[in-house]
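Everything on this sheet refers to the single structure shown next.
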Amino acid sequence: MGAKVERGIEDGPGNLRGALSRLFQVREMGVFIALVVLVCLMSFASPYFLRPLNLFNITRGMSNIGIMSIGITMVIITGGIDLSVGSLLAVSGMLTARLMYGGMMPWLAVACGLGLGLGFGLVNGLIITKVKVTPFITTLGMLSIGRGLSYVFATGLQGAVASNIPMRDPGVNFLGGGYIGPVPFPVVEMVALVLAFSWFLGNTVLGRQIYAVGSNEDAARLSGVNVDRVKIFSYATTGILCGLAGIMSGGLLSTAATNAGEGNELDVIAAVVIGGTSLAGGEGSIIGAVIGAAIMAVIRNAFVMLHLPVFLQTISIGVVIILAVAFDSLRRGKRR
Amino acid sequence: MTERGDDRLLLVKDLCKSYGGLNALAGVCLDVRLGEVHAVVGENGAGKSTLMKILGGAIRRDSGTVFFKGHEVEFHTPHDSIRAGISVIHQELSVLPKMSIIENIYMGRMPSVMGGVPWKRLEKRTIELLGQVGLDINPHLQMNDLSISQRQLVEIAKALSKDSSLIIMDEPNSSLSEHETDTLFALIRSLKERGVSVVYVSHKIEEVLRISDRVTAFKDGAYVGTVESASATVDDIIRMMIGRELTREYVPNSSHGPVLLKVKGLSGGGFEDVSFELGRGEVLCFAGLVGAGRSETMRALFGADPIRAGEIEFEGRRTRFSSPKQALQNGFAMVQEDRKRLSLFMNLDIMANIGMAQLPRIRRGLAVDRARLRELSQRFFAALSIKARSAYQAVRDLSGGNQQKVVLARWLATNPKILILDEPTHGIDIGAKSEIYDLIRRLAGEGVSIILISSELPEVIAMADRAVVMHEGRVAATLPRGEITEHTIMSYATGNIGGKPR
Ligand SMILES: Nc1ncnc2c1ncn2[C@@H]1O[C@H](COP(=O)(O)OP(=O)(O)OP(=O)(O)O)[C@@H](O)[C@H]1O
Ligand SMILES: [Mg+2]
Numbered sequence: 001m002g003a004k005v006e007r008g009i010e011d012g013p014g015n016l017r018g019a020l021s022r023l024f025q026v027r028e029m030g031v032f033i034a035l036v037v038l039v040c041l042m043s044f045a046s047p048y049f050l051r052p053l054n055l056f057n058i059t060r061g062m063s064n065i066g067i068m069s070i071g072i073t074m075v076i077i078t079g080g081i082d083l084s085v086g087s088l089l090a091v092s093g094m095l096t097a098r099l100m101y102g103g104m105m106p107w108l109a110v111a112c113g114l115g116l117g118l119g120f121g122l123v124n125g126l127i128i129t130k131v132k133v134t135p136f137i138t139t140l141g142m143l144s145i146g147r148g149l150s151y152v153f154a155t156g157l158q159g160a161v162a163s164n165i166p167m168r169d170p171g172v173n174f175l176g177g178g179y180i181g182p183v184p185f186p187v188v189e190m191v192a193l194v195l196a197f198s199w200f201l202g203n204t205v206l207g208r209q210i211y212a213v214g215s216n217e218d219a220a221r222l223s224g225v226n227v228d229r230v231k232i233f234s235y236a237t238t239g240i241l242c243g244l245a246g247i248m249s250g251g252l253l254s255t256a257a258t259n260a261g262e263g264n265e266l267d268v269i270a271a272v273v274i275g276g277t278s279l280a281g282g283e284g285s286i287i288g289a290v291i292g293a294a295i296m297a298v299i300r301n302a303f304v305m306l307h308l309p310v311f312l313q314t315i316s317i318g319v320v321i322i323l324a325v326a327f328d329s330l331r332r333g334k335r336r
Numbered sequence: 001m002t003e004r005g006d007d008r009l010l011l012v013k014d015l016c017k018s019y020g021g022l023n024a025l026a027g028v029c030l031d032v033r034l035g036e037v038h039a040v041v042g043e044n045g046a047g048k049s050t051l052m053k054i055l056g057g058a059i060r061r062d063s064g065t066v067f068f069k070g071h072e073v074e075f076h077t078p079h080d081s082i083r084a085g086i087s088v089i090h091q092e093l094s095v096l097p098k099m100s101i102i103e104n105i106y107m108g109r110m111p112s113v114m115g116g117v118p119w120k121r122l123e124k125r126t127i128e129l130l131g132q133v134g135l136d137i138n139p140h141l142q143m144n145d146l147s148i149s150q151r152q153l154v155e156i157a158k159a160l161s162k163d164s165s166l167i168i169m170d171e172p173n174s175s176l177s178e179h180e181t182d183t184l185f186a187l188i189r190s191l192k193e194r195g196v197s198v199v200y201v202s203h204k205i206e207e208v209l210r211i212s213d214r215v216t217a218f219k220d221g222a223y224v225g226t227v228e229s230a231s232a233t234v235d236d237i238i239r240m241m242i243g244r245e246l247t248r249e250y251v252p253n254s255s256h257g258p259v260l261l262k263v264k265g266l267s268g269g270g271f272e273d274v275s276f277e278l279g280r281g282e283v284l285c286f287a288g289l290v291g292a293g294r295s296e297t298m299r300a301l302f303g304a305d306p307i308r309a310g311e312i313e314f315e316g317r318r319t320r321f322s323s324p325k326q327a328l329q330n331g332f333a334m335v336q337e338d339r340k341r342l343s344l345f346m347n348l349d350i351m352a353n354i355g356m357a358q359l360p361r362i363r364r365g366l367a368v369d370r371a372r373l374r375e376l377s378q379r380f381f382a383a384l385s386i387k388a389r390s391a392y393q394a395v396r397d398l399s400g401g402n403q404q405k406v407v408l409a410r411w412l413a414t415n416p417k418i419l420i421l422d423e424p425t426h427g428i429d430i431g432a433k434s435e436i437y438d439l440i441r442r443l444a445g446e447g448v449s450i451i452l453i454s455s456e457l458p459e460v461i462a463m464a465d466r467a468v469v470m471h472e473g474r475v476a477a478t479l480p481r482g483e484i485t486e487h488t489i490m491s492y493a494t495g496n497i498g499g500k501p502r
């Protein structure tokens with residue numbers, strides 16, 4: 001939505017020029033073109049870049065960030081923020097590993113891990129809406145609590161400090177590291193979730209209400225929107241998606257680590273912002289966020305392929321974040 | 001127009017501004033003399049606000065020239081325009097909600113004495129300014145805590161504080177009651193005596209003729225003409241504005257159905273012991289001064305604010321809504337007074353804005369039924385003659401009056417049993433207004449009960465089957481059709497029962 005016409009395709013008679021110009025009004029077009037340019041440059045710079053194996057490595061590597069960015073996009077559209085995603089990833093993965101290690105049936109352990117993510121998300125949402133602590137503070141606290149709990153699950157309350165618990169089960173390993181033909185299974189999961197949630201945001205009542213809450217909370221309430229429910233839903237969904245990401249990353253490495261997902265909150269927020277979602281709320285899209293995640297993943301891969309020093313990679317991601325948002329605000333400013 | 005250039009303060013020639021294909025201004029002209037009150041009129045979307053934004057440096061022109069004090073000027077930022085001596089009260093108020101009145105008035109121009117802000121001096125000056133606009137409130141209050149009319153008065157005070165030679169007021173009294181408007185007019189006259197020129201944009205034609213020296217009309221972004229107010233009639237102005245005559249009469253009917261809503265002794269924040277009854281198909285007007293507690297009462301009834309005491313009986317059953325959602329599900333609808341803060345989703349498109357209250361009811365399975373949503377918005381586009389490029393345009397880009405129509409459409413679309421309208425014709429041009437009055441009448445005829453809060457006496461007199469007059473949070477009188485006159489309403493509204501209005 002937003003200043004440009006998101007669903008312009010349905011608008012008026014469909015002539016080709018109109019359709020093309022509307023396509024370029026779509027918010028995601030800018031980042032998408034940036035991604036394509038980046039990919040082209042890389043394919044010239046390194047002959048290995050376009051090999052399917054490398055492309056699948058890139059997409060598999062970004063699948064966790066991609067999946068978590070789905071939830072956080074919704075949270076940010078409502079006008080909130082979630083800093084606890086990295087910790088939720090760790091604590092859910094760790095609980096699953098601990099339960100499996102203790103002999104629980106793997107599917108049940110996975111369900112418990114997802115449930116824990118969901119529970120954390122619900123608590124975030126409840127504190128934010130019912131107790132009215134700001135999202136930043138609530139989830140900052142939860143970042144700490146989640147990380148701490150992952151140590152508790154790894155170690156128990158006494159005994160030697162552990163930082164890893166093995167996570168071996170064909171099913172769980174497939175979830176995080178399997179292949180369907182040449183395609184990594186995490187990529188399949190990410191694509192499916194992105195499509196499903198994009199449809200959800202664009203077409204369902206709850207999806208549209210998420211935009212309304214971020215656009216004008218008072219007006220939403222007075223229009224009969226249950227604002228609290230919409231917010232709680234966004235945080236809870238983020239929680240369960242983080243749980244899934246945690247189990248997947250454990251499954252991939254066959255071990256759950258207490259430091260899994262550390263710093264992911266910043267990557268996820270960066271992806272969302274590069275994708276054109278405004279931190280002020282009321283606008284944004286999941287597709288954009290995933291393209292943003294892809295841009296960061298390609299840059300990381302580029303530095304590996306071209307044997308460039310890591311600090312340059314960090315710097316260039318910072319530059320991309322600022323450039324993307326600057327580009328977006330320049331394009332808006334032109335309309336004055 | 002004047003022939004000699006010396007007594008002209010402002011001269012605008014052939015100004016154009018387009019927004020991607022839509023010509024908001026297609027060559028408008030305006031000349032304002034020294035010490036003149038010059039009114040600008042035109043239908044919703046005629047380009048009045050666009051011109052004022054250009055003069056205030058908020059947006060840039062595409063072509064055309066502007067002379068101010070004899071020099072050609074171009075303002076790149078609001079700061080340029082303020083420095084040249086122009087201050088603008090924009091139609092969409094731009095307040096800093098969480099800051100005090102003092103800070104709002106002086107933001108951007110805070111003086112400093114040895115590195116500190118001289119708060120005592122500013123406070124004194126602010127109290128003076130507020131006095132000039134007839135506001136007697138603590139200058140340390142947050143803007144958030146003010147009513148919309150108080151906020152409007154603060155904006156006027158802010159414009160005064162700049163000591164400009166030209167003050168532009170874009171619908172400055174859209175939220176003011178008659179009484180406050182009188183204060184504003186007295187103020188404008190004293191500005192005029194001091195040699196300050198005022199450009200005054202309004203849809204209230206009678207008022208325009210009362211306060212202005214000359215009137216300029218725009219239509220569809222183009223200049224139509226300028227007339228001397230002293231020799232013009234309301235019908236002349238309307239003809240210039242909309243290019244045709246307008247029949248202006250409304251026939252209230254006082255025969256209505258059985259009682260649908262009974263409110264007894266309702267109390268809450270800002271109102272005390274309010275009782276009234278509403279019949280099926282009745283238009284019940286709530287009159288009173290701004291701040292009399294009318295909006296507060298209705299917001300509580302609608303479930304938006306808490307109720308302290310009292311009973312509500314709806315369709316024979318005792319009811320009390322804990323949220324607007326519940327009220328909506330029971331067939332209530334409420335158009336809020338402050339459209340920017342409480343009604344509009346500025347960055348969403350017109351269709352989403354119209355459909356928002358209806359979404360849960362127009363879906364197929366999980367998904368919103370887009371075809372029905374589109375059909376719904378198209379219907380109200382036509383019925384309210386909303387002027388926009390398409391239903392997919394963001395509401396932010398609409399003119400003020402068209403934004404108000406979108407809000408009306410949202411609530412009309414819910415097919416309510418009880419429709420509460422809080423100042424529904426704010427900023428709506430006179431042609432569209434009469435269409436909306438017809439619409440309200442038609443709805444009432446179909447059995448919809450209507451509660452109309454209005455500070456415009458002509459509106460109350462034209463529309464009301466009965467009128468409740470409120471004074472300081474209490475019901476001062478309930479007047480049957482025959483007793484609704486300007487005089488009785490004002491007597492009760494000001495608390496001078498039976499006496500002459502203040
Ligand atoms: N930022 C914008 N983008 C696109 N169109 C715009 C924008 N701002 C204004 N317009 C269009 O320009 C036209 C003139 O708008 P303007 O606000 O000047 O009207 P107005 O005469 O002030 O009307 P009103 O009486 O309703 O306030 C309208 O059709 C409006 O939709
Ligand atoms: Mg306007």
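First to last, the sequence lines map onto chains A and B. Each residue of the first sequence is one higher than the one before, counting from 1 in the numbering used here. Each residue of the second sequence is one higher than the one before, counting from 1 in the numbering used here. For every residue, glycine included, the Cβ atom is placed at its ideal position computed from N, Cα and C.
Query: Count the C-beta pairs between the segment 171 to 191 of chain A and the segment 272 to 284 of chain A that are closer than 8 Å, then say yes if the count reaches three, no if not.; Result: no
Query: Taking Y19 of chain B as part of the beta strand (DSSP E), name the residues at either end of that continuous run.; Result: R8 to Y19
Query: Between which two residues does the alpha helix (DSSP H) holding K192 of chain B run?; Result: E178 to E193
Query: I think I247 of chain A touches L175 of chain A, with their Cβ atoms under 8 Å apart; what is that distance to the nearest whole Å?; Result: 6 Å
Query: Do E295 of chain A and I274 of chain A have their C-beta atoms within less than 8 Å of each other?; Result: It should be pointed out that residue 295 of chain A corresponds to Ile in this sequence rather than to Glu. The answer is yes: Cβ separation under 8 Å.
Query: Report yes or no: is there a C-beta of chain B within less than 8 Å of the C-beta of G2 of chain A?; Result: The predicted model places G2 of chain A with a pLDDT of 35, which falls under 50 and marks its position as unreliable; any figure quoted below should be read in that light. G2 of chain A counts as touching chain B.
Query: DSSP puts R239 of chain B in a beta bridge; with which residues?; Result: Note: R239 of chain B sits in no beta bridge, so no partner.
Query: Is it right to say Y492 of chain B is buried, meaning 16 or more other beta carbons lie within 10 angstroms of its own, or is it exposed?; Result: buried
Query: Rounded to whole angstroms, what is the Cα-Cα separation between A159 of chain B and E272 of chain B?; Result: 36 Å
Query: Buried or exposed: which applies to F68 of chain B, given that a residue is buried once 16 or more other Cβ atoms fall within 10 Å of its Cβ?; Result: buried
Query: Once DSSP output is grouped into helix, strand and coil, what is the label at P172 of chain B?; Result: coil
Query: When burial is assigned at 16 or more other CB atoms within 10 Å of the CB, is H203 of chain B buried or exposed?; Result: buried
Query: Taking C-beta pairs closer than 8 Å, name the residues in chain A that F345 of chain B reaches, listed in chain order.; Result: Y211, A212, S215, N216, A219, A220 and G282
Query: Can you find a heavy atom of ligand 2 that lies under 7 Å from the Cβ of G331 of chain B?; Result: no
Query: At a cut-off of 7 Å, would you count Y223 of chain B as near ligand 3, judging by its Cβ distance to the nearest heavy atom?; Result: Among the ligands present in this structure, namely ligand 1 and ligand 2, ligand 3 is not found.
Query: Should S503 of chain B be counted as a contact of ligand 2 given a C-beta to heavy atom distance under 7 Å?; Result: In the structure displayed, chain B extends from 1 to 502; residue 503 of chain B sits before or after that span and is not available.
Query: Please list, in chain order, the chain A residues whose beta carbon lies closer than 9 Å to that of P324 of chain B.; Result: R221, L222, S223, G224 and V225
Query: Looking at the secondary structure, which residues open and close the alpha helix (DSSP H) in which M62 of chain A lies?; Result: P52 to I77
Query: Exposed or buried, which one is Q393 of chain B when buried takes at least 16 other CB atoms within 10 Å?; Result: buried
Query: Examine ligand 1 and report whether any of its heavy atoms sits within less than 7 Å of the Cβ of L55 of chain B.; Result: no
Query: Against chain B, with Cβ distances strictly below 8 Å, would R208 of chain A count as a contact?; Result: yes
Query: Going by CA-CA distance only, name the one from B:S161, B:A39, B:L25 and B:K98 that's closest to K124 of chain B.; Result: B:S161
Query: Closer than 8 Å by C-beta to L457 of chain B: which residues in its own chain qualify, once you throw out the five before and the five after it? Chain order, please.; Result: E178, A287, E486, I489 and M490
Query: Starting from the Cα of Y223 of chain B, find the closest Cα among B:M240, B:G401 and B:L10 and give me that residue.; Result: B:M240
Query: Just to make sure I have the definition right: I need the residues of chain A whose C-beta is within less than 7 Å of the C-beta of L342 of chain B. Which are they?; Result: D218, A219 and L222
Query: In the DSSP assignment, the beta strand (DSSP E) including D273 of chain B goes from what residue to what residue?; Result: F271 to G279
Query: What in chain B is Cβ-close to V205 of chain A, meaning under 7 Å?; Result: L359, P360, R363 and V368
Query: Flag K433 of chain B as yes when its Cβ comes closer than 7 Å to any non-hydrogen atom of ligand 1, and as no otherwise.; Result: no
Query: Please report the Cβ distance between G64 of chain B and T77 of chain B, rounded to the nearest whole angstrom; I am assuming they are in contact, meaning their Cβ atoms lie under 8 Å.; Result: With 8 Å as the limit, G64 of chain B and T77 of chain B do not qualify as a contact, their Cβ atoms being about 19 Å apart.
Query: Should T78 of chain A and V213 of chain A be called a contact, given that it needs their Cβ atoms to be closer than 8 Å?; Result: yes
Query: Specify, as a first and last residue, the run of the alpha helix (DSSP H) that H38 of chain B falls within.; Result: First-last for H38 of chain B: V37 to G42, but that is the beta strand (DSSP E), not the alpha helix (DSSP H).
Query: Just the chain A side, please: which residues come within less than 8 Å of R410 of chain B by C-beta, in chain order?; Result: S223
Query: Can you give me the C-alpha to C-alpha distance between R60 of chain B and M470 of chain B, rounded to a whole angstrom?; Result: 45 Å
Query: Below 8 Å on C-beta distance, what does M521 of chain B contact in chain A?; Result: Residue 521 of chain B cannot be examined here, being either before or after the span of chain B that is shown, 1 to 502.
Query: Mind checking whether A46 of chain B and F185 of chain B have CB atoms under 8 Å apart?; Result: no
Query: Using the DSSP secondary-structure output, state which residues sit across from L479 of chain B in a beta bridge.; Result: B:A467
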